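Undergrad:
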């Protein structure tokens, strides 16, 4: 009824669709960085869409199955191996008790999702099994998986082998990646020239890119509209009186390197934000590797809602293929 | 005070009640967020009050962003008339100033600090015009503080000093944030104090440490069995300076399950506070002493 972690990879965590409702206490929603990939993986193995699976970044884990199961790997492009034999991604695969799942080198993207029939059945905290290591919540005793961990699985008959999600439905960030932004929040704090430069420049994902946030470099520094610092904000022009940070919001400490907050975001702080990545593009960020090029594209609310609708249609198409 | 509304993408509305910090702005944000919660608007998934602003997360598939915006603006006018008065609790939080753990950390990150040759307390005392660190520490704990926001990371309280603006201490954040801060560090940045609920990154100046845990995901600590987060917006804190021996005694007693903080229920009325700050604080601290 279990699976055992032989090698954990670089950072492999248990994730589901997260724990909404506690952001006002500094506890983020968490959950899969690429929710579309998690949903697809779960559907392929016959699980509820929000069942807990493994999220591995850059390097895949090695796991051995304690019972017969169906497994599916989605998200980044990384060769999937069962007992050393290569198998297709985005496809339901049958495994026998004792078989070993391992991975080759990452080819594209950043994060894979490994769903197993029955789902990972570690104890939920605040309604979710998602690992939030900073708050020691979810996962295995509040942490990422480690070699030797034995993870419980839920009961499931497993799904049929072979069904898969078409290549056209596997959404990728592209190169350069395009991330759509709704300007707002403290957009008025930078000059018109800087506003234009932000969208004109090509940015690169910096080394500090994790579940809390992605930092970008390479664009021109932002110029601020002059002002007297308001009481309590701090003297730097990028400071505000500590407030809430929306998921996807782009803060720019000191006006130099934008940081996009993601699923494990800090809930607030004292840096101004220039706008927010639209909800439809949040999954794409989780598949960006350091040093890849990114263009931010300005959109308005109708365009953001149209993109949200398109993403929902994509989920429906995945549902239809995996029904 | 002018309220400013902005969309944070297609799922959030960010509302800046005022661009500067004041208790008036805090109470207005608290009233509006209370009214939003009460109205139970379909599609609202998170309501997050902050110091002088707040944020609402909503599902645009359930309520259109413009309709959500109109709801919030309508609630603002109602909240403006609400009395700025709350029933809350005052909590005594022990602080071991100049402790060895934050000292070790501040020395390790000295090159990121405004004053690489001193300590965070030396620097804070000097720029606030105090003759000695002792006098600064006295100013830090002699009057109560108000929890004006909970967040950043799990259960971290932001605290606002309950004195007139002339007496409020202010310190900048580190030039570059640290990658490490001891758990339960008592910090200060801008006009806000905080207690770091967990170990991690941080940019606030470090003054001391408390032996009182304020976040407990295991929910085994005696005073956090009901919920893993101790502080709520509106709580009032009185720092109680302690020495190493007392720190260690409390830490051991917390582990043994025999310690809980001193707490009293109090009323806080903003108009009464503004009319007589020292008198209000004296009354708050008397309530705590009687607890």
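Chains as they are written, first to last, in this note's numbering: chain Z, 52 to 374; chain Y, -12 to 278.
Glycine included, C-beta positions come from ideal geometry on N, C-alpha and C.
Predicted, not measured: the structure shown is a model, and the values here were computed from it.
Who are the neighbours of residue 130 of chain Y on chain Z, taking C-beta pairs under 9 Å?
TA: Your numbering for residue 130 of chain Y matches position 143 in the second chain. Those within 9 Å of residue 130 of chain Y in chain Z number zero; the least Cβ separation is about 17 Å.
Undergrad: Of the residues that make up the segment 248 to 267 of chain Z, which ones have a beta carbon closer than 8 Å to any beta carbon in chain Y?
TA: Cβ contacts with chain Y: none found.
Undergrad: Under DSSP, the beta strand (DSSP E) around residue -9 of chain Y begins and ends at which residues?
TA: Within the second chain, the letter at position 4 stands for residue -9 of chain Y. It spans -9 to -5 - the beta strand (DSSP E) in which residue -9 of chain Y sits, taken as one unbroken run.
Undergrad: Considering Cα atoms alone, identify which of Z:365, Z:169, Z:190, Z:245 is closest to residue 178 of chain Z.
TA: For the purposes of this step, residue 178 of chain Z is taken as the residue at position 127 of the first chain. Ranking the options by Cα distance to residue 178 of chain Z, first place goes to Z:190.
Undergrad: Taking a contact to mean a Cβ-Cβ separation below 8 Å, would you say residue 169 of chain Y touches residue 190 of chain Y in this structure?
TA: Looking up residue 169 of chain Y in the second chain gives position 182. Looking up residue 190 of chain Y in the second chain gives position 203. No, the pair does not count as a contact, with Cβ atoms beyond the cut-off.
Undergrad: Closer than 7 Å, Cβ to Cβ, to anything on chain Y: give me those residues from the segment 171 to 194 of chain Z, in chain order.
TA: 176, 185, 186, 187, 188, 193
Undergrad: Cutting at 8 Å between CB atoms, please list the residues of its own chain near residue 297 of chain Z, excluding the five before and the five after it.
TA: Reading the first chain from its first residue, position 246 is the one you call residue 297 of chain Z. Within the same chain, residue 297 of chain Z has close Cβ partners 236, 312, 324, 327.
Undergrad: Note down, in chain order, every chain Y residue with its Cβ under 7 Å from the Cβ of residue 86 of chain Z.
TA: Walking along the first chain from the start, residue 86 of chain Z turns up at place 35. What residue 86 of chain Z touches in chain Y: nothing, since even the nearest Cβ is about 13 Å away.
Undergrad: Which of the residues in the segment 58 to 90 of chain Y, read from start to end, lie with their CB under 7 Å from any CB of chain Z?
TA: none
Undergrad: Using a Cβ-Cβ cut-off of less than 7 Å, list which residues of the segment 52 to 78 of chain Z approach chain Y; keep chain order.
TA: The segment 52 to 78 of chain Z vs chain Y, Cβ under 7 Å: 71, 72, 74, 75, 76, 77, 78.
Undergrad: Just to confirm my understanding: we take residue 181 of chain Y, look at its own chain, exclude 5 residues before and 5 after, and list those with CB closer than 7 Å. What are they?
TA: Taking the first residue of the second chain as position 1, residue 181 of chain Y is located at position 194. Taken in chain order, the residues that qualify are 143, 144, 145, 146, 174, 191.
Undergrad: Strictly by DSSP, which residues pair up with residue 254 of chain Z?
TA: Your numbering for residue 254 of chain Z matches position 203 in the first chain. Z:345, per the DSSP bridge assignment.
Undergrad: Using DSSP's beta-bridge definition, name the partner residues of residue 179 of chain Y.
TA: Counting from one through the second chain, the residue named residue 179 of chain Y turns up at place 192. DSSP lists Y:147, Y:176 as partners of residue 179 of chain Y.
Undergrad: With distances taken Cα to Cα, identify the nearest neighbour of residue 171 of chain Y among Y:157, Y:233, Y:186, Y:162.
TA: Position 184 of the second chain, counting from 1, holds the residue named residue 171 of chain Y. Comparing Cα-Cα distances from residue 171 of chain Y to each of Y:157, Y:233, Y:186, Y:162, the minimum goes to Y:186.
Undergrad: So is residue 3 of chain Y buried or exposed if we call it buried at 16+ other beta carbons inside 10 Å?
TA: In the second chain, counting from the first residue as 1, residue 3 of chain Y sits at position 16. By the neighbour-count criterion, in which 16 or more other beta carbons inside 10 Å mark a residue as buried, residue 3 of chain Y falls on the buried side.
Undergrad: Which whole-angstrom value is the C-beta distance of residue 222 of chain Y and residue 78 of chain Y, which I expect to be below 8 Å?
TA: Counting from 1 along the second chain, the entry for residue 222 of chain Y is found at position 235. Counting from 1 along the second chain, the entry for residue 78 of chain Y is found at position 91. Rounded, the Cβ-Cβ distance is 6 Å, consistent with contact.
Undergrad: Between Z:105, Z:60, Z:125, which has its C-alpha nearest residue 66 of chain Z's C-alpha?
TA: Position 15 of the first chain, counting from 1, holds the residue named residue 66 of chain Z. When each option's Cα is compared against that of residue 66 of chain Z, the closest is Z:105.
Undergrad: Is there a Cβ from chain Z that is less than 8 Å from the Cβ of residue 257 of chain Y?
TA: On the second chain, residue 257 of chain Y is found 270 positions in, with the first residue counted as 1. Not one chain Z Cβ lies under 8 Å of residue 257 of chain Y.
Undergrad: Short of 9 Å Cβ to Cβ, which residues in the segment 187 to 206 of chain Y face chain Z?
TA: 187, 188, 190, 202, 204, 205
Undergrad: What residues from chain Z crowd round residue 252 of chain Y, counting only those whose CB sits closer than 7 Å?
TA: Here the question's residue 252 of chain Y lines up with position 265 in the second chain. Within 7 Å Cβ-Cβ: nothing; residue 252 of chain Y doesn't reach chain Z, min ~21 Å.
Undergrad: Identify whether residue 279 of chain Z lies in helix, strand or coil by the three-state DSSP scheme.
TA: Position 228 of the first chain holds residue 279 of chain Z. In this structure, residue 279 of chain Z counts as coil in the three-state DSSP scheme.
Undergrad: Closer than 7 Å, Cβ to Cβ, to anything on chain Y: give me those residues from the segment 349 to 373 of chain Z, in chain order.
TA: 352, 355, 356, 359
Undergrad: So, for residue 156 of chain Y: in the same chain, excluding its five sequence neighbours on each side, which residues have a beta-carbon less than 6 Å away from its beta-carbon?
TA: As a first step, residue 156 of chain Y is located in the second chain; it is residue number 169 there, counting from the start. Beyond the five residues adjoining it in sequence on each side, residue 156 of chain Y comes within less than 6 Å, by CB distance, of 115 in the same chain, given in chain order.
Undergrad: Give me the chain Y residues within the contact set of residue 284 of chain Z, using Cβ-Cβ distance strictly less than 8 Å, ordered along the chain.
TA: One-based indexing of the first chain puts residue 284 of chain Z at position 233. Per Cβ cutoff of 8 Å: 6, 7, 8, 177.
Undergrad: Using a beta-carbon distance cut-off of less than 9 Å, what residues from the segment 287 to 301 of chain Z approach chain Y?
TA: Closer than 9 Å at the C-beta level to chain Y, one finds these residues of the segment 287 to 301 of chain Z: 287, 290, 291, 292, 293, 294, 295, 296, 297, 298, 299, 300.
Undergrad: May I have a chain-ordered list of the alpha helix (DSSP H) segments no shorter than 4 residues that lie completely inside the segment 177 to 260 of chain Y?
TA: 231 to 243
Undergrad: To the nearest angstrom, how far is it from the Cα of residue 167 of chain Y to the Cα of residue 161 of chain Y?
TA: If you number the second chain from 1, residue 167 of chain Y lands on position 180. If you number the second chain from 1, residue 161 of chain Y lands on position 174. Whole-angstrom Cα-Cα distance: 12 Å.
Undergrad: In terms of residue numbering, what span does the alpha helix (DSSP H) encompassing residue 64 of chain Y cover?
TA: For the purposes of this step, residue 64 of chain Y is taken as residue 77 along the second chain, with counting starting at 1. Boundaries of the alpha helix (DSSP H) around residue 64 of chain Y: 52 to 67.
Undergrad: Can you name, in chain order, every residue of its own chain whose Cβ lies under 6 Å from the Cβ of residue 268 of chain Z, other than the five neighbours on each side?
TA: Numbered from 1 along the first chain, position 217 holds the residue referred to as residue 268 of chain Z. For residue 268 of chain Z, where only same-chain residues beyond five positions count, the Cβ hits under 6 Å are 255, 257, 308.
Undergrad: Are at least three pairs of beta-carbons, each pair with one atom in the segment 46 to 54 of chain Y and one in the segment 85 to 95 of chain Z, less than 8 Å apart?
TA: no
Undergrad: Closest to residue 102 of chain Z by CA distance: which of Z:81, Z:166, Z:289, Z:149 is it?
TA: Here residue 102 of chain Z refers to the residue found at position 51 of the first chain. Of the listed residues, the one whose Cα sits closest to residue 102 of chain Z is Z:166.
Undergrad: Could you tell me whether any Cβ in chain Z is nearer than 8 Å to the Cβ of residue 146 of chain Y?
TA: Position 159 of the second chain holds residue 146 of chain Y. No, its Cβ sits nowhere closer than 8 Å to a Cβ of chain Z.
Undergrad: Between the Cα of residue 143 of chain Z and the Cα atoms of Z:133, Z:211, Z:245, which residue gives the shortest distance?
TA: Taking the first chain and counting its residues from 1, the one referred to as residue 143 of chain Z is at position 92. Ranked by Cα distance from residue 143 of chain Z, the options Z:133, Z:211, Z:245 are led by Z:211.
Undergrad: Residues of chain Z with CB under 7 Å from residue 169 of chain Y, in chain order?
TA: Indexing the second chain from 1 puts residue 169 of chain Y at position 182. The contacting residues do not exist; residue 169 of chain Y stays about 14 Å from chain Z at best.
Undergrad: Return the chain-ordered list of same chain residues with a C-beta closer than 6 Å to the C-beta of residue 193 of chain Z, the five sequence neighbours on each side being excluded.
TA: Locating residue 193 of chain Z in the first chain gives position 142, where the first residue counts as 1. Within the same chain, residue 193 of chain Z has close Cβ partners 187.
Undergrad: On the DSSP bridge list, what partners appear for residue 159 of chain Z?
TA: Position 108 of the first chain, counted from the start, is the residue given in the question as residue 159 of chain Z. Under DSSP, residue 159 of chain Z takes part in a beta bridge, and its partners are Z:128.
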